[in-house]
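Novice: Following this message is one structure expressed as structure tokens.
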Amino acid sequence: MVVVVALPVCVPAHAAVVPWLYDVEAPVASQGAADRRSASRTALREMLMRLTGLRSVPMNEAVQAALRDPGPYYVQYRFLPGNTEDGMHLGVSFSPKAVRDLVSRAALPIWSANRPVGLAWLAVAVEGVPTVLSRESDHPLAEGLRVRARERGIEMRLPLLDDEDAARISVADVWYRFPYAIEQATGRYEPDVLLLGRARADPLGQWVTEWEFRLDGGHRSFSFETPTPEEGAALAVDEVADELMDRYAVLGREATAIELEVRGIATVRDYATLMSALGALEFIDRVELLAAAPATTTLRVTTRSTRSRLAELLSAYGLLEADAAVPPPGAPGRLTLAWTGSR
Numbered sequence: 001m002v003v004v005v006a007l008p009v010c011v012p013a014h015a016a017v018v019p020w021l022y023d024v025e026a027p028v029a030s031q032g033a034a035d036r037r038s039a040s041r042t043a044l045r046e047m048l049m050r051l052t053g054l055r056s057v058p059m060n061e062a063v064q065a066a067l068r069d070p071g072p073y074y075v076q077y078r079f080l081p082g083n084t085e086d087g088m089h090l091g092v093s094f095s096p097k098a099v100r101d102l103v104s105r106a107a108l109p110i111w112s113a114n115r116p117v118g119l120a121w122l123a124v125a126v127e128g129v130p131t132v133l134s135r136e137s138d139h140p141l142a143e144g145l146r147v148r149a150r151e152r153g154i155e156m157r158l159p160l161l162d163d164e165d166a167a168r169i170s171v172a173d174v175w176y177r178f179p180y181a182i183e184q185a186t187g188r189y190e191p192d193v194l195l196l197g198r199a200r201a202d203p204l205g206q207w208v209t210e211w212e213f214r215l216d217g218g219h220r221s222f223s224f225e226t227p228t229p230e231e232g233a234a235l236a237v238d239e240v241a242d243e244l245m246d247r248y249a250v251l252g253r254e255a256t257a258i259e260l261e262v263r264g265i266a267t268v269r270d271y272a273t274l275m276s277a278l279g280a281l282e283f284i285d286r287v288e289l290l291a292a293a294p295a296t297t298t299l300r301v302t303t304r305s306t307r308s309r310l311a312e313l314l315s316a317y318g319l320l321e322a323d324a325a326v327p328p329p330g331a332p333g334r335l336t337l338a339w340t341g342s343r
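Numbering (the working numbering), first residue to last: 1 to 343.
Written out as structure tokens, the structure reads:
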């Protein structure tokens, strides 16, 4: 049985830009042009899954056209040696602007590269004896978790299991999910999402996995029966990624201009930090300065987000927050938020 719990998360308090989001590796049979094109198509499909947050990307006309000719969407490729099992890989570095433009043309959702970070405490029974998996573990359950998390574009880490962890948590604590010990050991990692798990094979060799997922007070349980632990872990990552995508992605719609008034910008550094942070968000196409007054800055933000969704996301990313002195984001007129400072 595998049990996974994601503790409630209101905002991604320690979310970070995923540095490898636009770098994808795909198996390639040879260095020939035909095999390279085939592998680059596979890589583009994964790139779109990461950027949109969708488990399955719709094959509409814009996506199909891109897959027929993926060349314009990447800026670099390289052949990478693989291990004896999976052979050579093609490493593809995609152009952020090109793939974002494709997502826009295809009217697909877009999810910012600034994403919640997860930590997984996993215990596996090997010949009846539980063991906890570390960051260096090559157990199939850990590998399945890592591989699918990378395919979905989320950071999912395992603990170091060094002396500091050993002083705070035991195998039994993880296996039986004792909350106090887990809380004490988890504090040093400061994750946004916490996964707890235990795993064993049944007498027939199947991996029966039972999962519990909690996010922001919500609760869902689901279970899988899979031939391998990798498949069970991958399905669990899909459930977590789907939930995070629902929370943080902006649905496909035509871009519109929203007037944004920001209160509390007191210095040039504040202004530069805000403009840089807004410009880095994938769901914002353009930011223009309209007016600057003491402690108040007015911007025009071109985005595919609605006004209320934009307010939610900027608050979730810790950039801005609702101003109690003005109407809520859903009210008519410009969107007014308060600067929270650089996090």
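Cβ coordinates follow ideal geometry from the N, Cα and C atoms, glycine included.
Values in this document were obtained by computation on a predicted structure and should not be read as measured data.
Please list, in chain order, all residues of the same chain as Leu290 whose beta carbon is under 8 Å from its beta carbon, the five residues on each side excluded.
Specialist: Glu259, Thr298, Leu299, Arg300
Novice: Threshold first: 3 residues or longer. Then list the beta strand (DSSP E) segments lying entirely within the stretch 109 to 148, N to C.
Specialist: 117 to 126, 129 to 132
Novice: Quick one: using the 10 Å Cβ neighbour count with 16 as the cut-off for buried, is Ser30 buried or exposed?
Specialist: Label assigned to Ser30: exposed.
Novice: Which term fits Trp111, buried or exposed, when burial requires 16 or more other beta carbons within 10 angstroms of its beta carbon?
Specialist: buried
Novice: Alpha carbons only, please: which of Arg41, Pro227, Ala322, Asp35 is nearest the one belonging to Leu67?
Specialist: Arg41
Novice: Contact check, Glu321 vs Ala338 under 8 Å by CB: the rounded distance?
Specialist: 5 Å
Novice: Rank Gly71, Thr131, Pro27, Thr273 by C-alpha distance to the C-alpha of Gly91 and give the top, closest one.
Specialist: Pro27 is the residue among Gly71, Thr131, Pro27, Thr273 whose C-alpha sits nearest the C-alpha of Gly91.
Novice: Look at the alpha carbon of Val262 and the alpha carbon of Leu335, and state the distance between them as a whole number of angstroms.
Specialist: 9 Å
Novice: Are the beta-carbon atoms of Asn60 and Ala106 separated by less than 9 Å?
Specialist: yes
Novice: Examine the Cβ distances between the stretch 224 to 238 and the stretch 135 to 148 and report whether three or more of them are shorter than 8 Å.
Specialist: yes
Novice: Alpha carbon to alpha carbon, what distance is there between Tyr317 and Asp356?
Specialist: Here the chain covers residues 1 to 343 and nothing more, so residue 356 does not appear.
Novice: DSSP state of Trp339, grouped into three classes?
Specialist: Three-state result, Trp339: strand.
Novice: In angstroms, rounded to a whole number, what distance separates the CA positions of Leu196 and Leu281?
Specialist: In a straight line, the C-alpha of Leu196 is about 31 Å away from that of Leu281.
Novice: Using a Cβ-based criterion (distance less than 8 Å to any ligand heavy atom), does Val124 qualify as near the ligand ZN?
Specialist: Among the ligands in the structure shown, none appear at all, so the ligand ZN cannot be discussed.
Novice: Anyone know if the C-beta pair for Ala43 and Tyr74 falls short of 9 Å?
Specialist: yes
Novice: Using the beta-carbon count (16 or more within 10 Å), is Pro72 buried or exposed?
Specialist: exposed
Novice: Compute the beta-carbon to beta-carbon distance between Arg157 and Ala234, rounded to the nearest angstrom, for a pair I have assumed lies under 8 Å.
Specialist: Wrong, their Cβ atoms sit about 17 Å apart, outside the cutoff.
Novice: When we look at the beta-carbon of Ser305 and count the other beta-carbons within 10 Å, is it buried (16 or more) or exposed?
Specialist: buried
Novice: Taking C-beta to C-beta, are Ala199 and Leu122 nearer than 9 Å?
Specialist: yes
Novice: Using the three-state DSSP reduction, which class does Ser305 fall into: helix, strand or coil?
Specialist: coil
Novice: Are Leu51 and Gly128 close, meaning C-beta to C-beta below 9 Å?
Specialist: Taking 9 Å as the Cβ cut-off, Leu51 and Gly128 do not qualify as a contacting pair.
Novice: Determine the contact status of Phe222 and Val250, defining contact as a CB-CB distance below 9 Å.
Specialist: no
Novice: For Val57, which residues in the same chain have their Cβ closer than 8 Å to its Cβ, ignoring the five residues on either side in sequence?
Specialist: For Val57, the CB contacts under 8 Å within the same chain, skipping 5 residues up- and downstream, are Arg45, Leu48, Met49, Val63, Leu108 in chain order.
Novice: Which whole-angstrom value is the C-beta distance of Asp238 and Arg115, which I expect to be below 8 Å?
Specialist: Not quite, the Cβ-Cβ distance comes to about 15 Å (not below 8 Å), so this is no contact.
Novice: According to the neighbour-count rule (16 or more other Cβ atoms, all chains shown, within 10 Å of its Cβ), is Asp39 buried or exposed?
Specialist: Correcting the residue type first, residue 39 is Ala in the shown sequence and not Asp. It is buried - the Cβ of Ala39 has at least 16 other Cβ atoms within 10 Å.
Novice: Once the 5 residues before and after Gln76 are set aside, which same chain residues still bring their CB inside 6 Å of it?
Specialist: Counting only Cβ-Cβ distances below 6 Å, and skipping sequence neighbours, we find Ser93.
Novice: Assuming Val208 and Val171 are in contact, meaning their beta carbons sit under 8 Å apart, how far apart are those beta carbons, in whole angstroms?
Specialist: No, Val208 and Val171 are not in contact; Cβ-Cβ is about 21 Å, not under 8 Å.
Novice: Can you look up Trp20 in the DSSP assignment and give me helix, strand or coil?
Specialist: coil
Novice: Do Val117 and Pro179 have their beta-carbon atoms positioned less than 9 Å apart in this structure?
Specialist: no
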